[in-house]
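A short write-up of the structure that comes next.
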Amino acid sequence: MTKRRWGLFALGITLLGWVIGGEWVSIHALVPENHFIDALPGLSFLVAGIVALDRRPGNCIGWLMIAYVVVSYLGNWGNLQVPVVPAIGGSIGQQLGGAILAHMGLSYPTGRLRTRFERAVIGIIYGVSSVASLVILLAFDPRADGCARCAWELAPFPSRTAVLTANLVAQRLGFILVLLFLAAVWLRWRRATPAERRELAPLWVAVCVVCVVDLMGAFASPFPVVQPFAYLVWELQSLLYVSLPIIFLWGLLSARLARSAVGDLVIQLDRPLPPGELRACLARALVDPPLEVLYARDGLDGWVDAGGQPRSLPEPASGPRTKTVTVVERGGQALAALIHDPALDQGLVQAAAAAAGMAIANERLQAEVRAQLEEVRASRQRIVEAGDAERRRVERNIHDGAQQRMATLALSLAMLRDRAASDPAMAASLDQAAAELRQAIAELRELARGIHPAILTEEGLPAAVEALADRSALPVRVLADFDERLPWPIEATAYFVVAESLANVTKYARASGARVELSRCNGTLRVAVTDNGVGGADATRGSGLRGLEDRVCAVRGSFRVDNPPDGGTRVLAEIPCDA
Amino acid sequence: MNASIGAVVRVLIVDDHPGFRAQARALLVAAGYEVVGEAADGESGVRVARDLSPDVVLLDIHLPDITGFEVVQRVGGGPGRPAIVLISSRDASDYGRRIERSGARGFIAKAELSARTLAAVIEGTGP
Chain A
249 MTKRRWGLFA
259 LGITLLGWVI
269 GGEWVSIHAL
279 VPENHFIDAL
289 PGLSFLVAGI
299 VALDRRPGNC
309 IGWLMIAYVV
319 VSYLGNWGNL
329 QVPVVPAIGG
339 SIGQQLGGAI
349 LAHMGLSYPT
359 GRLRTRFERA
369 VIGIIYGVSS
379 VASLVILLAF
389 DPRADGCARC
399 AWELAPFPSR
409 TAVLTANLVA
419 QRLGFILVLL
429 FLAAVWLRWR
439 RATPAERREL
449 APLWVAVCVV
459 CVVDLMGAFA
469 SPFPVVQPFA
479 YLVWELQSLL
489 YVSLPIIFLW
499 GLLSARLARS
509 AVGDLVIQLD
519 RPLPPGELRA
529 CLARALVDPP
539 LEVLYARDGL
549 DGWVDAGGQP
559 RSLPEPASGP
569 RTKTVTVVER
579 GGQALAALIH
589 DPALDQGLVQ
599 AAAAAAGMAI
609 ANERLQAEVR
619 AQLEEVRASR
629 QRIVEAGDAE
639 RRRVERNIHD
649 GAQQRMATLA
659 LSLAMLRDRA
669 ASDPAMAASL
679 DQAAAELRQA
689 IAELRELARG
699 IHPAILTEEG
709 LPAAVEALAD
719 RSALPVRVLA
729 DFDERLPWPI
739 EATAYFVVAE
749 SLANVTKYAR
759 ASGARVELSR
769 CNGTLRVAVT
779 DNGVGGADAT
789 RGSGLRGLED
799 RVCAVRGSFR
809 VDNPPDGGTR
819 VLAEIPCDA
Chain B
4 MNASIGAVVR
14 VLIVDDHPGF
24 RAQARALLVA
34 AGYEVVGEAA
44 DGESGVRVAR
54 DLSPDVVLLD
64 IHLPDITGFE
74 VVQRVGGGPG
84 RPAIVLISSR
94 DASDYGRRIE
104 RSGARGFIAK
114 AELSARTLAA
124 VIEGTGP
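This is the structure in structure tokens:
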């Protein structure tokens, strides 16, 4: 047995003596009550307090139970009829017990008062009890109550009226204090998370017990032996008080019972888990459905979820509903963070994290790979978008520069041609120059269009594809079931899929026609280019189709080339519209 | 269009390239048009068109501030308003159906601009 347990054992024995001794004193003072029943609540609080101190050393509820035992049985020792003791027993014993019970209730199950209101309520209850105790201590003269052997008393201002008034005021205020206490309990319930509410259930039972006990107390008499019904009520009161510490102790130790769920967790983790299933297992074991698991990046300052998406940890506690973060470490290195309900027992969370250690390490590696893949994909998308932006800039420069100058030159040549009408040789030369210039303008326009199609910017995808079909050497039918604009990277990708596919059809397919279908379904753009040519296209050969596949994948799309048995080729790209 | 048959057609040129404006003015004047003004951007094009009430506005689609399509919307092409002819160094097919939806009288590629093509567009027989 450890030194601490020896200490608790000694404390238990001492308090046992305190309770039994108090009853012995009462028996010798001929107090008319059932001493066995009177001792039961004290013994119950004593055992529960010692167990609570042993199992939950950092929790003050154990000490409050011990304090309750000490204070409650002061009254019995007051029957000792030796100097001072009856006054102390009569004042403190009567007044402070309820305050300690209220403190126990509001600090359940953590042992801490959480809000300013709770602290104020408990402060007021202790304050009223202390003032009443002090008045009684100063004014109570047991000799006036028939204590013939009480030779010397503390009471410097003996006054039966003052004692009765203090008792009366304490009783009247007690009603308000009970209401304040119930309000604090109700506020806790309202602000509590689901897990906290589960933990608070024993508190509600305890509150009900106390209410029933106090209600019964209203019928009880200070001299129960002369009223048989009141005496029966008093006996019931005592028995109900026996249940109070048991309820509290059950609540305190329920986390220990929940640890059996960690055993189930170990069994569940003894098999390969699909991505994200670890979170579900931990949530089940800890009975915290919204629990989240984030994974530390390898060598980087950041966190990702199981899918590899970057996430950030919640801010440190700033309110009653703020989540708690428990960081799981291995060898001093952070592996994961469990974001859970603050009401969860920290030891239980640590136990679950330890049980899931290997699974957490595995899922972290998978999350790291997914995060890296996502980074590569995002990087590829940025490269494609940067390339598109550059193409747009080049096309704009051609339009603003060379095309403008060539258009102006064409006007100059036309004017010169008009003036040279009387000189046939000059007119012929100017006609030839104008024809060359028109050809150059047409070629430059086609080049600019290939770099970046202005119509795509101006009119959107369906119109741009229509224009492509119009310029195609083959008859191309375009079927589009939408007309609205899509994000630029999506439009550009789809356009280049159609442009490259139609170019391939013209060059290699020996087809007599082609069909382009553009459709949107469930947030996905579907682009299909079908021809009736010889088929045989292969996306793995030829840089054109492979480049298209890369481009489509860069926007999270899928790309496929089919060669149906009845001939022809179908290029199919599916692109999420929110990519 | 305000001009009556046989009267001199009054033209406003809106284009941000001074060289093109100068050549277009010379070409149109030589062909008997009266160029009543020039503007280098869309906002001043709208203002000058309202001030001078030309018969024809030769309007570049790509302007530094607003597009030629927006100028068409603000100046309007209905009765009593100037006939607006869009021009661009790009081809009409680069704009899809936007030109025909714009309310402009027609479109001429800049390199194709001449008195003949302009007259054809104004009379509704042009490209």
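These protein sequences, in sequence, are chains A and B. So the first sequence is residues 249 to 827, counted in the working numbering. So the second sequence is residues 4 to 130, counted in the working numbering. By construction, the Cβ of each residue, glycine as well, lies at the ideal position given by its N, Cα and C atoms. All of these numbers come straight from a predicted model, not from anything done at the bench.
Leaving out the 5 sequence neighbours to the left and right, which residues in its chain are closer than 6 Å to A:I689 when beta-carbon positions are compared? Excluding positions up to five away in sequence, the list reads M654.
Is the separation between the beta-carbon of A:V764 and that of A:A717 shorter than 8 Å? In contact: A:V764 and A:A717 (Cβ atoms closer than 8 Å).
Please list, in chain order, all residues of the same chain as A:V541 whose beta carbon is under 8 Å from its beta carbon, the five residues on each side excluded. So the list reads L526, R527, L530, D553, A554, A584, A585, L586, I587, I608, E611, once near-sequence residues are dropped.
Proximal residues to A:K571 (C-beta, below 6 Å), its chain only, five neighbours per side dropped: Cβ neighbours of A:K571 beyond the five flanking positions: P562, I587.
Looking at the ligand GDP, does it come within less than 7 Å of A:G371, judged from the CB to the closest heavy atom? The ligand GDP is not among the ligands present in this structure, which contains no ligands whatsoever.
Where does A:A399 fall in DSSP's three states? With a pLDDT of only 49 at A:A399, under 50, the local geometry of the prediction cannot be trusted, and the value read off the model is given with reservation. Coil.
Beta-bridge pairing of A:D810 - partner residues as DSSP gives them: Residue pairing by DSSP places A:D810 opposite A:R818 in a beta bridge.
What number of angstroms, rounded off, separates the C-alpha of A:A759 from the C-alpha of A:L722? Going from the Cα of A:A759 to the Cα of A:L722 covers about 8 Å.
Within the region 479-549 of chain A, note down every full beta strand (DSSP E) run reaching 3 residues or more, in order along the chain. Segments of the beta strand (DSSP E) lying fully in the region 479-549 of chain A: 540-544.
Any chain B beta carbon closer than 8 Å to A:T656: Yes, its Cβ sits closer than 8 Å to a Cβ of chain B.
Taking the alpha carbon of A:L501 as the point to measure from, which residue in A:L734, A:L480, A:G310, A:G255 has its own alpha carbon closest? Minimum Cα-Cα distance from A:L501 among the listed residues A:L734, A:L480, A:G310, A:G255 corresponds to A:G310.
Checking contacts by CB at 8 Å: is A:M663 closer than that to chain B? Contact with chain B is found for A:M663, since one of that chain's Cβ atoms lies less than 8 Å from the residue's Cβ.
What three-state label does DSSP hand A:F471 in the structure shown? In this prediction, A:F471 scores a pLDDT of 49, lower than 50, which makes its location untrustworthy; no coordinate-derived value is stated.
Could you list the residues in the region 14-45 of chain B with a C-beta less than 7 Å from some C-beta on chain A, going in chain order? Within the region 14-45 of chain B, the residues whose Cβ lies closer than 7 Å to some Cβ of chain A are H20, G22, F23, Q26, A27, A29, L30, A33, listed in chain order.
Taking DSSP's pairing of strands, which residues face A:Q581 in a bridge? Bridge partners of A:Q581 according to DSSP: A:R578.
Answer with buried or exposed for A:T741, where buried requires no fewer than 16 other C-beta atoms within 10 angstroms of its C-beta. Classification for A:T741: buried.
In terms of residue numbering, what span does the alpha helix (DSSP H) encompassing A:R253 cover? DSSP places A:R253 in the uninterrupted alpha helix (DSSP H) bounded by 251-276.
Where A:A702 meets chain B, residues with beta-carbon distance less than 8 Å: Neighbours of A:A702 on chain B, chain order: R93, D97, Y98.
Just checking my contact of A:P302 with A:R253 at CB under 8 Å: how many whole Å lie between their CB atoms? Note that residue 302 of chain A corresponds to Asp in the displayed sequence, not to Pro. About 7 Å separates the beta carbons of A:D302 and A:R253, which is inside the 8 Å limit, making them a contact pair.
In whole angstroms, give me the CA-to-CA distance for B:V38 and B:A29. For B:V38 and B:A29, the gap between their C-alpha atoms comes out near 9 Å.
Buried/exposed call for B:R50, threshold 16 Cβ in 10 Å: B:R50 is classed as exposed because its beta carbon has fewer than 16 other beta carbons within 10 Å across all chains shown.
Limits of the unbroken alpha helix (DSSP H) element including B:D63: Taken as a continuous stretch (DSSP letters only), B:D63 belongs to no alpha helix (DSSP H), being part of the beta strand (DSSP E) at 59-63.
For my contact list, A:L661 and A:A681 are in at a C-beta cut-off of 8 Å; report their separation, rounded to the angstrom. Contact holds; Cβ gap of about 6 Å.
Excluding sequence positions up to five away, which residues of its chain have a Cβ less than 7 Å from the Cβ of A:A668? Setting aside the 5 residues that flank it on each side, A:A668 is surrounded in the same chain by M674, A675, L678, each with a C-beta closer than 7 Å to its C-beta; the list follows chain order.
Can you tell me where the beta strand (DSSP E) holding B:S91 begins and where it ends? Bounds of the beta strand (DSSP E) holding B:S91 are 86-91.
Taking only three categories from DSSP, how would you classify A:V775? In this structure, A:V775 counts as strand in the three-state DSSP scheme.
Tell me whether B:T120 sits in a helix, a strand or coil according to DSSP, three-state version. Helix at B:T120.
Just curious, the alpha helix (DSSP H) that B:G109 is in, first and last residue? Run containing B:G109: none in the alpha helix (DSSP H); it sits in the beta strand (DSSP E), 109-112.
Among residues of its own chain, excluding the 5 on either side of B:D44, which ones have a beta-carbon nearer than 7 Å to its beta-carbon? A distance below 7 Å between beta-carbons, with the five flanking residues on each side excluded, links B:D44 to the following residues of its chain, in chain order: D19, L66, P67, D68.
Cβ neighbours of A:P472 in the same chain (closer than 7 Å, five flanking residues each side left out): Low per-residue confidence applies at A:P472: pLDDT is 48, beneath 50, and the placement is therefore not dependable, though the value from the model is reported in the following sentence. E281, A478, Y479, W482, listed in sequence order.
In terms of alpha-carbon separation, which member of A:L386, A:G353, A:P558, A:I298 lies closest to A:I340? If you compare the alpha carbons of A:L386, A:G353, A:P558, A:I298 with that of A:I340, the shortest gap goes to A:L386.
Distance check for A:P590 and A:L430, CA to CA, integer angstroms please. The alpha-carbon atoms of A:L430 and A:P590 are separated by roughly 23 Å.
Give the interface partners of B:R101 over in chain A, defined as CB-CB distance under 7 Å, in chain order. Think of a sphere of 7 Å around the beta carbon of B:R101: the chain A residues whose beta carbon falls inside it are E706, E707, in chain order.
Kindly indicate which three-state DSSP category A:S767 falls into: helix, strand or coil? DSSP, reduced to helix, strand and coil, places A:S767 within a strand of the structure shown.
Can you tell me the Cβ-Cβ gap for A:V318 and A:W266, rounded? I've got them flagged as a contact below 8 Å. Their Cβ separation, rounded to whole angstroms, is 7 Å, which keeps A:V318 and A:W266 in contact under 8 Å.
My output table needs one value for A:T572: the three-state DSSP class, helix, strand or coil. Strand, per DSSP.
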